[in-house]
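Data block below; observations after.
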Amino acid sequence: MGIGNQANYAAAKAGLIGMARSISRELSKAGVTANVVAPGYIDTEMTRALDERIQAGALDFIPAKRVGTAEEVAGAVSFLASEDASYIAGAVIPVDGGMGMGH
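First residue of the sequence shown: 1, per UniProt numbering; consecutive thereafter.
And the structure:
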């Protein structure tokens, strides 16, 4: 999801996705997989420091109509690190309340 004045951020995210896919293609046969967790608007010190209008406006873009938690992101990471996710490779897992649907 591109945001104005954030080309550097978007490029870094795209690089992580490409790296995870390359790692998975190269190393999956050895049992090594890599995936990307893509958090959306999460309640952190950084987001709490944003202007209140920006915070309120963010909810307009989130179908869940709430801010996510660090624990929800950690849950996705924990799952991907578990044996239950051993057949998931090169995936992008959004933890964003639906904010990035269709991308």
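All C-beta atoms in this analysis are idealised placements derived from N, C-alpha and C, irrespective of residue type, glycine included.
Values in this document were obtained by computation on a predicted structure and should not be read as measured data.
| task | Please report the Cβ distance between Gly15 and Gly100, rounded to the nearest whole angstrom; I am assuming they are in contact, meaning their Cβ atoms lie under 8 angstroms. | result | Not confirmed; about 17 angstroms, so no contact.
| Whose C-beta lies closer than 8 angstroms to the C-beta of Ile88 among residues of the same chain, with five residues either side of it excluded? | Thr33, Asn35, Leu80
| query | Is the Cβ of Lys29 closer than 8 angstroms to any Cβ of chain D? | reply | Of the chains in the structure shown, none is chain D; there is only one protein chain.
| task | Identify the continuous beta strand (DSSP E) that holds Ala91 and give its terminal residues. | result | Premise fails: Ala91 is in no beta strand (DSSP E) and is neither H nor E.
| task | Out of Val37, Ser82, Thr47, Gly98, point me to the one whose CA is closest to Ala64's CA. | result | Gly98
| request: Select from Ala7, Phe61, Pro94, Ala20 the residue whose C-alpha is nearest the C-alpha of Glu72. | output: Pro94
| said: So the candidates are Ser28, Ala38, Ala74; which of them puts its Cα closest to the Cα of Lys13? | reply: Ala38
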